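Beneath this line is the structure, given in structure tokens, with notes to follow.
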Amino acid sequence: MKDVYANLARLGLELPEPPPRGGLYTPIRTFGRGLAWCSGVGPTRVDGPAVTGAVGADLTIEEAQEAAKLSMLNILAIIERETGDLNSIRFVKLLGFVRSADDFEQQPAVMNGASQLLLDVFGEADGLPSRSAIGVNQLPGGICVEIEAVFERRDEVEL
Amino acid sequence: MKDVYANLARLGLELPEPPPRGGLYTPIRTFGRGLAWCSGVGPTRVDGPAVTGAVGADLTIEEAQEAAKLSMLNILAIIERETGDLNSIRFVKLLGFVRSADDFEQQPAVMNGASQLLLDVFGEADGLPSRSAIGVNQLPGGICVEIEAVFERRDEVEL
Amino acid sequence: MKDVYANLARLGLELPEPPPRGGLYTPIRTFGRGLAWCSGVGPTRVDGPAVTGAVGADLTIEEAQEAAKLSMLNILAIIERETGDLNSIRFVKLLGFVRSADDFEQQPAVMNGASQLLLDVFGEADGLPSRSAIGVNQLPGGICVEIEAVFERRDEVEL
């Protein structure tokens, strides 16, 4: 039986304060039976600047991977606040947009920064969803990566 | 009990004629139990030109917000034609792509033009879905915004 | 009763070897009841180079349509490997990203290369899903198109 909270602690990770809403939307919207959609989240910090810039021009791939990991921690913080139980979550889908210099082609490597965290914390059954990684020329506030997620609450599905 | 049609009338809004299909796809595809996916829709007009251009270069943010609102009215027109009852609809997700000059960073503000309409007409419970706002360098026909939507038919879900 | 395999043979098409995973993700993730999400797939070839370049600059629209068709064949190959029965599949949604020169506006025409294949092989009821076509400045490895798909397994839904 996995324990997301123990795994986070083992990795020396703490959930950040959830980022404030960046527009007119609901952070997490449930649908169907036990499904939920998490709005796009970036590498923002409540107590500091977001990670901005185009990967391949302003940021290295390593910096962008760290930003993708931070974005995923923000997603987990939002899900924790909304559901109160990360142990019941199974990830279905990630859609990751990487702000890319016109000649930067390694969007999947950037997104691996987010995916490796999910895999380490949730394990393969719940933490290795389907995924697309896409390059774009801009993102809100100039952030370098934005990730949206679809997840399933196993406790509700199995009832 | 909300009434979408009364709210539209109160705001002085009329549903436009639904836009024609722009390729080989189905405008609205149902899936699961009472869920439906609405194909990407832009600020087109059946009797006039679409709103084209990159925001931050060819269009101001206010013009783009109006275009996002028009796109959402087109989505409502399509859903009305396909389902015949906007009062049974609950929005789950919006994915908005904003054609952006390379230095334009306010995609969420543009998408708020669409989201404010949904909120005003459907209320918070049904009209404030999860959302992502993404900048891109081009869109079909040079339109400035394209929005796709996932919604739920409450009448089918509750049966 | 349609037969996907007979239709493929009639068109002289063979499913390619499924492309290898391009990062930390699961190629197909099931969710809800009989639903599945296929990770983003491009015009890669197991035994040769992928189709790379920006449409409108490095590639013609016809070359990009062929690449979209190849991407869809790769999707079918992955679904065949994972489910073993393409005849039970109904497509719900395609999301297509077309790597576009800044002045290229015909993303839907490019995606029609993929959609025409689905329509020819699966018929309108199962092969004409909802769709969005989006232009972007870059994609993984410089490929010219990336497509993700949501589908439903009719055999599981109808049980």
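Residue numbers (numbering that gives the first Met the number 0), protein chains in the order written: chain A, 0 to 158; chain B, 0 to 158; chain C, 0 to 158.
Cβ atoms here follow ideal geometry from the backbone N, Cα and C, with glycine treated the same way.
From a predicted model like this one, the values you see are computed outputs, not experimental measurements.
- D125/C is classed as buried because its beta carbon has at least 16 other beta carbons within 10 Å across all chains shown.
- For T25/A, the closest Cβ of chain B is nearer than 8 Å.
- Inclusion of R80/A and P17/A in the CB contact set at 8 Å is warranted, their separation being smaller than that value.
- Contacts between F150/B and chain C, judged by CB atoms closer than 8 Å, are missing: the closest CB pair is about 12 Å apart.
- When the beta-carbon positions are compared, G21/B and P107/C come within less than 8 Å of each other.
- Put simply, the CB of S70/C is far from chain A, with every gap to its CB atoms at 8 Å or more.
- DSSP places E151/A inside the beta strand (DSSP E), whose first and last residues are V144 to R152.
- Contacts between S114/B and chain C, judged by CB atoms closer than 7 Å, are missing: the closest CB pair is about 18 Å apart.
- By the Cβ test, the stretch 1–12 of chain C is in contact with the stretch 116–123 of chain C, since at least three Cβ pairs between them sit closer than 8 Å.
- In the three-state reduction of the DSSP assignment, F30/A falls in the strand class, which pools E and B.
- The C-alpha of E61/B is placed about 21 Å away from the C-alpha of G140/B.
- Remark: C-beta atoms of V144/B and S70/B approach each other more closely than 8 Å.
- Here E151/A really is in contact with L34/A; their C-beta atoms are around 6 Å apart, less than 8 Å.
- Taking the beta carbon of Q137/B as reference, the chain C residues within 9 Å of it are G55, V97, S99, A100, D101, D102, F103, E104, Q106, I133, G134, V135 and N136, listed in sequence order.
- Under the criterion of beta carbons closer than 8 Å, K68/B and G112/B qualify as touching, at roughly 4 Å.
- When secondary structure is reduced to three states using DSSP, V3/C falls in the helix class.
- If only uninterrupted beta strand (DSSP E) runs of at least 3 residues are considered, those enclosed by the stretch 67–142 of chain A are 88–98 and 129–135.
- By the neighbour-count definition (other C-beta atoms within 10 Å, threshold 16), P26/C is a buried residue.
- In the three-state DSSP reduction, R9/B falls in the helix class (H, G or I).
- Contact of R32/A with chain C is assigned, a C-beta pair being separated by under 8 Å.
- Contact between C37/C and I88/C is ruled out by a C-beta separation of about 10 Å, above the 8 Å threshold.
- Not a single C-beta of chain C is nearer than 8 Å to the C-beta of V144/A.
- Under a criterion of Cβ atoms nearer than 7 Å, the residues of chain C adjacent to E147/B are, in order, S131.
- Annotation for A100/A: A53, G55 and A56 place their beta carbon closer than 6 Å to its own, counting only its chain and skipping 5 residues before and after.
- Chain B has no Cβ within less than 8 Å of the Cβ of K1/C.
- Between I142/C and G41/C a beta carbon distance of about 4 Å is seen, short of the 8 Å cut, so the two are scored as contacting.
- For a Cβ distance threshold of 9 Å, residue set D102 and E104 of chain B lies close to G141/A, ordered along the chain.
- About 7 Å separates the beta carbon of I146/B from that of G39/B, a gap short enough to meet the 8 Å contact definition.
- Residues of the stretch 35–56 of chain A that bring their beta carbon within less than 7 Å of a beta carbon in chain B comprise W36, C37, S38 and G39, in sequence order.
- Against chain C, the CB of G22/B has a partner CB under 8 Å away; the residue lies at that interface.
- Contact between A76/C and L127/C does not hold, since their C-beta atoms are separated by about 20 Å, which reaches or exceeds 8 Å.
- Within its own chain, the residues whose Cβ lies closer than 7 Å to the Cβ of Q105/A, once the five positions on either side in sequence are excluded, are I60, listed in chain order.
- Pairing A63/A with T43/A, the inter-Cα distance amounts to about 13 Å.
- Counting the other CB atoms within 10 Å of its CB gives G31/C a total of 16 or more, which places it among the buried residues.
- A check of alpha carbon separations from E155/C across V45/C, D84/C and E65/C identifies D84/C as the nearest.
- Contact note: R28/B reaches chain C through V91, K92, P128 and S129, using a C-beta cutoff of 7 Å and chain order.
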